[in-house]
Amino acid sequence: NDIALLKLQRPAALSAEVQVGRLPPAGSVLPNGYPCVLSGWGRLTTGGSLPDRLQQAELPVVDYEHCTQPDWWGALAIRETMICAGGAEKAGCNGDSGGPLNCQAEDGTWEVHGIASFVSALGCNAAKKPTVFTRVSAFEDWIAEVGTGCQ
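Count the sequence shown with UniProt numbering and you get residues 1 to 151, in order.
In structure tokens, the structure reads:
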């Protein structure tokens with residue numbers, strides 16, 4: 001699982017462009033097709049150039065049942081601590097690792113549901129190979145434990 005916490009030496013300077021990421025409820029699992037947004041600095045196309053600006057793409061969630069099918073990623077590659085999103089039309093690409101998958105909650109706030117982990121070796125936007133993320137809600141206990149004493 002790709003997950004880490006950083007302890008800053010001083011508080012981040014928050015602004016309209018810089019905000020604190022809100023965590024989803026512990027254990028939450030989004031339904032198939034739920035719209036989320038990936039932000040990242042990854043390649044624009046398979047083998048293509050890196051962007052000059054931060055990119056965003058709306059990616060629908062691909063549920064565990066679909067993502068673990070043998071002709072998709074399969075059960076050996078995908079664990080229940082992961083979330084899949086995107087597909088043949090829009091997906092993450094090389095260099096997006098570590099980027100957030102933000103999803104809007106019912107109350108209108110945004111939550112960090114995923115951390116970009118990997119894409120297919122077949123290339124970006126490969127059919128039946130959505131981008132795979134670490135599912136943040138599966139690590140809420142770990143985040144609380146490691147983050148004890150942090151603000």
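The beta carbon of each residue, even a glycine, is placed where N, CA and C say it ideally should be.
Cβ neighbour criterion (16 or more within 10 Å) applied to residue i
i, result
"residue 107", "exposed"
"residue 53", "exposed"
"residue 21", "exposed"
"residue 15", "exposed"
"residue 137", "buried"
"residue 35", "exposed"
"residue 8", "exposed"
"residue 24", "buried"
"residue 101", "buried"
"residue 49", "exposed"
"residue 121", "exposed"
"residue 92", "buried"
"residue 116", "buried"
Selection from the options that minimises the alpha carbon distance to residue i
i, options, result
"residue 37", "15, 16, 111 and 25", "111"
"residue 55", "109, 44 and 48", "44"
"residue 147", "6, 1 and 2", "6"
"residue 51", "96, 60 and 11", "96"
"residue 126", "33, 80, 17 and 46", "46"
"residue 33", "19, 67 and 122", "67"
"residue 78", "64, 88, 89 and 4", "64"
"residue 88", "24, 142, 60 and 23", "60"
"residue 119", "99, 113 and 105", "99"
"residue 30", "141, 69, 48 and 104", "104"
"residue 27", "150, 145, 123 and 113", "113"
task = Could you name each continuous alpha helix (DSSP H) segment of 4 residues or more that falls completely within the UniProt domain "Peptidase S1" (1-148), going from the start of the chain to the end?
result = You should have 64-67 and 140-146.
task = Pair every Cβ in the region 70-77 with every Cβ in the region 37-51, then say whether three or more of these pairs are closer than 8 angstroms.
result = Flag = no, the region 70-77 and the region 37-51 do not touch.
query = Do the region 80-99 and the region 129-142 meet, that is, are 3 or more Cβ pairs less than 8 angstroms apart?
reply = yes
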